[in-house]
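K.L.:
Each protein sequence line maps, in turn, to chains A and B.
Offset between the first sequence (1-based) and the working numbering: plus 579.
Offset between the second sequence (1-based) and the working numbering: plus 579.
Heads up, the beta-carbon is just placed ideally off N, CA and C, and yes, glycines get one too.
Handing you a structure now.
2 protein chains.
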Amino acid sequence: MAFDEEQKILDDFVREKGLKHSGQRKDILLTFLKTEKHLSADELYALVKKKNPAIGIATVYRTLKLLCESGLSSELRLGSGAVRYEHFYGHEHHDHLVCVKCGEFIEVVDPEIEKLQERLAAKEDFSLQGHKLLMYGICRKCKG
Amino acid sequence: MAFDEEQKILDDFVREKGLKHSGQRKDILLTFLKTEKHLSADELYALVKKKNPAIGIATVYRTLKLLCESGLSSELRLGSGAVRYEHFYGHEHHDHLVCVKCGEFIEVVDPEIEKLQERLAAKEDFSLQGHKLLMYGICRKCKG
DNA sequence: TCAATTATGATAGTGATTATCATATTCAAC
DNA sequence: GTTGAATATGATAATCACTATCATAATTGA
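Spelled out as structure tokens, the structure:
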């Protein structure tokens, strides 16, 4: 089963907020963690239903919101269409290179860019909390 | 009225695509150009109606799509909610600092970050076409 | 065990956008 | 100018991704 750390994070979050535990949330969390992809709510719903067919899509949306609030997940908005969710806890920060042809995207990181962003924000007297950098282009495969 | 250059760009684009001219598109383009804000389709629709009350929202959406395709405008997606459109032609590329408290955003640019992005893309054998960098934080005003 | 509170699933509602379609306009060829 | 084929338009229905509502169920502290 594993994912003990992540489960503890959610449990603690639930406790702090005065919420209650539920099996559905646990099912959703574990399915989310097990799947190393950027899933949409709909896709996660389809996967969770295999384990728990009684689950409703509303609960998936509600749980994804909790996961984001507790720092376990993060939203990813690539153009129009559904929001995708990526693992956040224990994953190094990264940005995305998105292929405009095939839609594939890969994760990259550049510490220098991060540093420059801080500098840029400081110049405007902004307290930087985070950022999303999407780079669009054509990937190796699609260049042929 | 001015905006001759921009009008020519749209005219050329329309001609190249074998489309036809229309007064509505001209009204929408001019209202868009005149307003130095990041408007949503809805907001632009409200403004254009003052000049041409008969216009329909669908035409505003259709025209904004054309403006983006012709390089006159660019989409801006800040979290959920409607897409906003910014002027693109003749405007230097820039990124955005978004305040998570008041929603205000300011435009910034750092040539070094741009350069590093190119390097990052090249490392992955990506042909970079563009990017969107959103930095979230708290602005000077909201820090109090 | 009980009572208060939160969670759930079904489904209605919403907001932004897109598709449809009948009618109107544009524009190149005559 | 008139015509006719193609595109544009406005009204509105449809769609998509959520979000709110609500009756019922599960959780949890007393």
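Shortest alpha-carbon distance to B:Glu665 belongs to which of B:Cys678, B:Ala701 and B:Leu608?
P.N.:
By one-based count along the second sequence, residue 665 of chain B stands at place 86. Ranking the options by Cα distance to B:Glu665, first place goes to B:Leu608.
K.L.:
So, helix, strand or coil for B:Lys616, using DSSP?
P.N.:
Within the second sequence, residue 616 of chain B is the residue found at index 37, counting from 1. B:Lys616: coil per DSSP, three-state reduction.
K.L.:
Mark B:Thr604 as exposed unless 16 or more other C-beta atoms lie within 10 angstroms of its C-beta, in which case mark it buried.
P.N.:
To locate residue 604 of chain B, count along the second sequence from 1; it is residue 25. For the record, residue 604 of chain B in the displayed sequence is Arg; it is not Thr. With 16 or more Cβ atoms within 10 Å of its Cβ, B:Arg604 is classed as buried.
K.L.:
Within this structure, are the beta carbons of B:Gln708 and A:Ile692 separated by less than 8 Å?
P.N.:
Against the second sequence, residue 708 of chain B aligns to sequence position 129. Against the first sequence, residue 692 of chain A aligns to sequence position 113. For B:Gln708 and A:Ile692, no; Cβs fall outside 8 Å.
K.L.:
DSSP puts B:Ile717 in a beta bridge; with which residues?
P.N.:
To locate residue 717 of chain B, count along the second sequence from 1; it is residue 138. Paired residue(s): A:Ser706.
K.L.:
Buried or exposed: B:Leu598, going by 16 or more other Cβ atoms within 10 Å of its Cβ?
P.N.:
Mapped onto the second sequence, residue 598 of chain B falls at position 19. Exposed, because fewer than 16 other Cβ atoms sit within 10 Å of the Cβ of B:Leu598.
K.L.:
Using the beta-carbon of each residue, which ones in chain B are nearer than 7 Å to A:Glu691?
P.N.:
Translated into positions along the first sequence, residue 691 of chain A becomes position 112. Residues of chain B passing the Cβ test: Leu695.
K.L.:
Measuring CB to CB, does B:Ala661 end up less than 8 Å from B:Val639?
P.N.:
As a position in the second sequence, residue 661 of chain B is number 82, starting the count at 1. As a position in the second sequence, residue 639 of chain B is number 60, starting the count at 1. Going by C-beta atoms, B:Ala661 is not nearer than 8 Å to B:Val639.
K.L.:
Less than 8 Å separating the beta-carbons of A:Asp606 and A:Ile634?
P.N.:
On the first sequence, position 27 is the one that residue 606 of chain A refers to. On the first sequence, position 55 is the one that residue 634 of chain A refers to. Closer than 8 Å, so yes.
K.L.:
Quick one: does B:Cys647 have its CB under 8 Å from some CB of chain A?
P.N.:
Residue mapping note: residue 647 of chain B aligns to position 68 of the second sequence, counting from 1. Closer than 8 Å: no.
K.L.:
Tell me, to the nearest whole angstrom, how far the beta carbon of A:Phe684 is from that of A:Val677; I am working on the premise that it is less than 8 Å.
P.N.:
As a position in the first sequence, residue 684 of chain A is number 105, starting the count at 1. As a position in the first sequence, residue 677 of chain A is number 98, starting the count at 1. The Cβ separation is near 4 Å, so the contact holds.
K.L.:
In the structure shown, what three-state DSSP assignment does A:Arg641 receive?
P.N.:
Mapped onto the first sequence, residue 641 of chain A falls at position 62. In this structure, A:Arg641 counts as helix in the three-state DSSP scheme.
K.L.:
What residue range is occupied by the uninterrupted beta strand (DSSP E) comprising B:Phe684?
P.N.:
One-based indexing of the second sequence puts residue 684 of chain B at position 105. Element bounds for B:Phe684: Phe684 to Val687.
K.L.:
Have a look at A:Leu626 and A:Thr642 and give me their C-alpha separation to the nearest angstrom.
P.N.:
For this step, residue 626 of chain A is matched to residue 47 along the first sequence. For this step, residue 642 of chain A is matched to residue 63 along the first sequence. Distance between the alpha carbons of A:Leu626 and A:Thr642: 14 Å.
K.L.:
Would you say A:Val679 and A:Gly716 are within 8 Å of each other, going by their C-beta atoms?
P.N.:
In the first sequence, the residue the question calls residue 679 of chain A occupies position 100. In the first sequence, the residue the question calls residue 716 of chain A occupies position 137. Yes, the Cβ-Cβ distance between A:Val679 and A:Gly716 is below 8 Å.
K.L.:
Give the single residue among B:Glu585, B:Gly669, B:Met714 and B:Gly682 whose Cα lies nearest to the Cα of B:Asp689.
P.N.:
The residue you call residue 689 of chain B lines up with position 110 of the second sequence. It is B:Met714.
K.L.:
Report the neighbours of A:Ser706 on chain B: residues whose CB is nearer than 7 Å to its CB, in chain order.
P.N.:
The residue given as residue 706 of chain A occupies position 127 in the first sequence. Those within 7 Å of A:Ser706 in chain B are Gly716, Ile717 and Lys722.
K.L.:
Look at the alpha carbon of A:Glu703 and the alpha carbon of B:Arg719, and state the distance between them as a whole number of angstroms.
P.N.:
For the purposes of this step, residue 703 of chain A is taken as the residue at position 124 of the first sequence. For the purposes of this step, residue 719 of chain B is taken as the residue at position 140 of the second sequence. One C-alpha to the other measures close to 8 Å.
K.L.:
Measure the alpha-carbon distance for B:Cys721 versus B:Val687 and round it to whole angstroms.
P.N.:
Locating residue 721 of chain B in the second sequence gives position 142, where the first residue counts as 1. Locating residue 687 of chain B in the second sequence gives position 108, where the first residue counts as 1. Cα-Cα distance, rounded: 19 Å.
K.L.:
Per DSSP, which one or two residues make a beta bridge with A:Leu655?
P.N.:
If you number the first sequence from 1, residue 655 of chain A lands on position 76. BP columns for A:Leu655 point to A:Arg663.
K.L.:
When DSSP labels each residue in this structure, what does B:Leu598 get in the three-state scheme?
P.N.:
Locating residue 598 of chain B in the second sequence gives position 19, counting from the first residue. If DSSP states are grouped into helix, strand and coil, B:Leu598 belongs with coil.
K.L.:
Rounded to whole angstroms, what's the CA-CA distance from B:Tyr624 to A:Leu657? Just pull it up for me.
P.N.:
The residue you call residue 624 of chain B lines up with position 45 of the second sequence. The residue you call residue 657 of chain A lines up with position 78 of the first sequence. Computed Cα separation, rounded: 25 Å.
K.L.:
Quick check: the Cα distance between B:His672 and A:Asn631, rounded to an integer number of angstroms?
P.N.:
Here residue 672 of chain B corresponds to residue number 93 of the second sequence, with the count starting at 1. Here residue 631 of chain A corresponds to residue number 52 of the first sequence, with the count starting at 1. Their backbone Cα atoms lie some 48 Å apart in a straight line.
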